[in-house]
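Here the protein sequences come in this chain order: R and W.
Terminal number for the first sequence in the working numbering: 402, no gaps in between.
Terminal number for the second sequence in the working numbering: 402, no gaps in between.
Reading through the structure tokens given below for one structure.
2 protein chains.
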Amino acid sequence: MDWGLEAQDRLNEIAGCSLTGPGVTRFPFTPEHAAARKIIEGWMTRAGLEIRLDAAGTLIGRTGPADAPAFLIGSHQDSVRGGGQYDGIMGVALACLAIEALNTRGTPLPCAIEVLAFADEEGVRFPTALLGPRALAGTVDPEVFTLEDRDGISLGTALDAFGGAQGDVVGLARDPGSVLGYLEIHIEQGPALEQADQPLGVVTGICGIERNAVRFAGQTGHAGTVPMEGRRDALVAAADFVTAIHDTARNWPGLRATIGSISVFPDVVNAIPSEARLTLEIRHEDDRRRADFHAEAREIGAAIAQARNTGFGIEQTYAQPAVPCDPALVAALEQAAPGAPRLPSGATHDASAMADLCPVVMLFVRCRGGISHRPEEFASADDMGAAVDAAARFLAALPNRD
Amino acid sequence: MDWGLEAQDRLNEIAGCSLTGPGVTRFPFTPEHAAARKIIEGWMTRAGLEIRLDAAGTLIGRTGPADAPAFLIGSHQDSVRGGGQYDGIMGVALACLAIEALNTRGTPLPCAIEVLAFADEEGVRFPTALLGPRALAGTVDPEVFTLEDRDGISLGTALDAFGGAQGDVVGLARDPGSVLGYLEIHIEQGPALEQADQPLGVVTGICGIERNAVRFAGQTGHAGTVPMEGRRDALVAAADFVTAIHDTARNWPGLRATIGSISVFPDVVNAIPSEARLTLEIRHEDDRRRADFHAEAREIGAAIAQARNTGFGIEQTYAQPAVPCDPALVAALEQAAPGAPRLPSGATHDASAMADLCPVVMLFVRCRGGISHRPEEFASADDMGAAVDAAARFLAALPNRD
């Protein structure tokens, strides 16, 4: 059996569980989700797993003694609007195939294993995400069930109609002693593995994220009547900031700093901008380095404001700490995927929430052009086959708990 | 008589001809315009002028033989929304006062003089402007009469209802031999005279204006998963451009370059901008220097695009040539306003359109903080008094044509 080609076939099939339009659009607790669930149940059955849906809508396939501590492996079934057919669902498919491969070869599993297909990681339908892993970790805020989608349907109502049970979600919290760890296989969603010419990468941690609102305040004036000398142009100061942040960030290993949004006031062709507002997102695997860069950005902005005679402010609007992967699991995954480089994850994953419950690790699979969340998203059968092999070796090498 | 205080009183009074709200809001061919017209007729009467409204809605006060060539002096009666009480209307008030001052002193006028109160220079109510001076210069496009305001009333209909006659506007074109020149007194709308500590300035020309659409095209990507190295961030390239244009323009005497508007796509906090669009407005009294700067901006943009690995485009979307003031009139105005510095006008004025008919010149009056088009717009009684004196001397010294 060519597990990579099999993975490609399965992902092509389940990509059909989508709203019409380009790419894959599969939101949680919808008819498309229900159709995908049926297909995933087929995968789990072929892997010899016992299947159940938990109260949070996570489809769980388990093998091994009922009360034994289990190693968990999974990802999410949902997509963004017009997304690709690998993000999330590939991790579920490859987990099933890794167990099926071990069964085919007659390799015994050293402990109980559960494959988890989480309902909602992208957070597109409801203004929340990660319900499934948070439920297992005991970190669900019951308020989220009242959040509504565009049609006014609450998360709780949608979950119950799908076969979940909002009232029982709090009871899903696992005893940490019953969970041995969590592995997530995911496409990289970036270009690092392609640039390194490697099919697989071992994730050392998930970057912390902070978002900042940045503002420069100058003075508007007529573009014709105010001479250049003495202008207090807020956009010019903001431009200095954009350039300085970008060029400084390039010298900070592992750091990502992005100014994704900018607006000026009054925003007309013949007026000097009196105000520029921009967003600054900073990500790093090490929260202290991220804080250091925030301080550096503040100094850069203040110096520019002085030079350009403008006001300056930076305010953190959001922060999410980094999640380090477990060193022992990282080492074990490197044994199972020889030659795979270490790299951080710049994006959040189900593993981010699972880390509140147990040691986590992630295996990244190369994706073409680093493209994700678009119909063109692609991982090759060869690379997915390599991931199945690595995951199977990893599971087989787990400490024997039977 | 203190002509400056008189000017202040008259401008305070006519400022009441406004929609309610902060500052002055007086659009053409409205009840506010009609009320202002009555007051201006009073000013013209006190200056001994014969009054008529022409077909384009310009209120004209004339003194001197009916068929003799006339020197024209004027400005506009309208304002922007929430504007000040000096822009435009001050030029009409001071023109009347200059003639009244000469009459009071018994100084004979050397030629026929007409004071012109144009209806619409700001172009706020209808998407066109300068109807009055264009009518005199014979440059009106008859299509403009079909243009509508927000309420669906056409310019032609509004003009006719006010006492004008759209069908007769084309016939207003003056024989250049019948017009000796045009003087416009206007607040500077910039900070140059205040910085030079001078009440008056002699305008050497009205800057040409060009507007350009500038675009940088890079590649979007996830703010977390795409390392800094190798990013093709369109906003970073655009920021380089903003800074370079501003700092280069400071070294070009008399040039103004403004990037007043910017937008990026996709414009979200966690995505690298794939596209940045901005406007570049360039103004200079010398069209060749403006073209030189355009070429320089093109080179700057191309070099940045190469360095940042983005696409770059610049497209001129609008161009209006410079209008030089008449050297003989400039010299005569300098005689009448000793010590007044020469300066260009960065903004367009009625004089821009009058230049198609006759030699023009402008006298700028200092305004506080360079502020215009806002309720805080202010020119002092002393400065306006100095302008009345200078205009009176200028008119009295015109070549004798009686």
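Idealized CB from N, CA, C, for every residue including glycine.
Asked, Found
"Where Pro199 of chain W falls, given that 16 or more other Cβ within 10 Å makes a residue buried", "buried"
"Identified DSSP bridge partners for Leu109 of chain W", "Partner(s): none; Leu109 of chain W has no beta bridge."
"Paired residues, beta bridge with Arg283 of chain W - DSSP", "W:Ile209 and W:Arg256"
"Contact set between Ile272 of chain W and chain R, taken where Cβ atoms lie within less than 8 Å", "Thr258 and Gly260"
"Near-chain W residues of the stretch 96–111 of chain R (beta-carbon distance less than 8 Å), N- to C-terminal order", "none"
"Spatial distance of Ala101 of chain W from Ala392 of chain W (CA atoms)", "7 Å"
"Cβ-Cβ separation, Val361 of chain W to Asp326 of chain W (assumed contact under 8 Å), whole Å", "6 Å"
"Three or more C-beta pairs below 8 Å linking the stretch 71–91 of chain R and the stretch 140–149 of chain R", "no"
"Chain-ordered chain R contacts of Met44 of chain W [CB-CB under 7 Å]", "In chain order: nothing, as chain R lies at least about 29 Å away."
"The stretch 184–209 of chain W: positions lying closer than 8 Å to chain R by Cβ", "Glu188, Gln189, Gly190, Pro191, Ala192, Gln195, Cys207 and Ile209"
"Residue span of the beta strand (DSSP E) that contains Ala319 of chain R, given as start and end", "Gly311 to Gln320"
"Segment contact flag, the stretch 271–278 of chain W with the stretch 291–298 of chain W, C-beta cutoff 8 Å, min 3 pairs", "no"
"Length of the line joining the Cα atoms of Asn400 of chain W and Ile40 of chain W", "27 Å"
"Pairwise C-alpha distance: Ala239 of chain R and Asn212 of chain R", "16 Å"
"Short CB-CB distance (under 7 Å) between Met362 of chain R and chain W", "no"
"Three-pair Cβ contact test at 8 Å for the stretch 105–114 of chain W versus the stretch 18–34 of chain W", "no"
"Amino acids of chain R, ordered along the chain, whose beta-carbon sits closer than 7 Å to that of Leu235 of chain W", "Val242, Ile259 and Ile262"
"Opening and closing residue of the alpha helix (DSSP H) in which Val330 of chain R lies", "Pro327 to Ala336"
"Contacts that Asp267 of chain R makes with chain W (C-beta to C-beta distance below 9 Å)", "Gly260, Ser261, Ile262 and Ser263"
"Contact check, Gly313 of chain R vs Arg174 of chain R, beta carbons under 7 Å", "no"
"Any C-beta of chain W under 7 Å from that of Arg283 of chain R", "yes"
"Buried or exposed (CB count within 10 angstroms, at least 16 for buried), Pro436 of chain R", "Summary: the structure shown does not reach residue 436 of chain R, with chain R confined to residues 1 through 402, and so no result is reported for it."
"Met354 of chain W (DSSP reduced to helix, strand or coil)", "helix"
"Burial state of Asp141 of chain W (16 or more Cβ within 10 Å)", "exposed"
"Cβ contact check for the stretch 319–333 of chain R and the stretch 151–168 of chain R: 3 or more pairs under 8 Å", "no"
"Same chain, Cβ closer than 6 Å to Ile51 of chain R, neighbours up to 5 away in sequence not counted", "Glu41, Met44 and Gly61"
"Residue environment, Gln335 of chain R, which counts as buried when at least 16 other CB atoms sit within 10 Å", "exposed"
"Coarse secondary structure for Ile371 of chain W, derived from DSSP in three states", "coil"
"Arg46 of chain R versus R:Arg289, R:Leu343, R:Met354 and R:Leu94, residue with shortest Cα-Cα distance", "R:Leu94"
"Euclidean distance between Cα positions of Glu210 of chain W and Gly181 of chain W", "27 Å"
"Status (buried if at least 16 other CB within 10 Å, exposed otherwise) for Leu405 of chain W", "A question about residue 405 of chain W goes unanswered here, because the residues of chain W that appear run from 1 up to 402."
"Spatially closest choice to Cys96 of chain W from W:Val179, W:Gly48 and W:Val124, by CA coordinates", "W:Gly48"
"Contacts of Ala223 of chain W in chain R (Cβ-Cβ under 8 Å)", "Arg256, Thr258, Gly260, Glu281, Arg283 and Gly346"
"Exposure label - Pro127 of chain W; buried when at least 16 CB within 10 Å", "exposed"
"Integer-rounded CB distance, given that Gly218 of chain R should sit under 8 Å from Thr310 of chain R", "4 Å"
"Any chain R beta carbon closer than 7 Å to Met228 of chain W", "yes"
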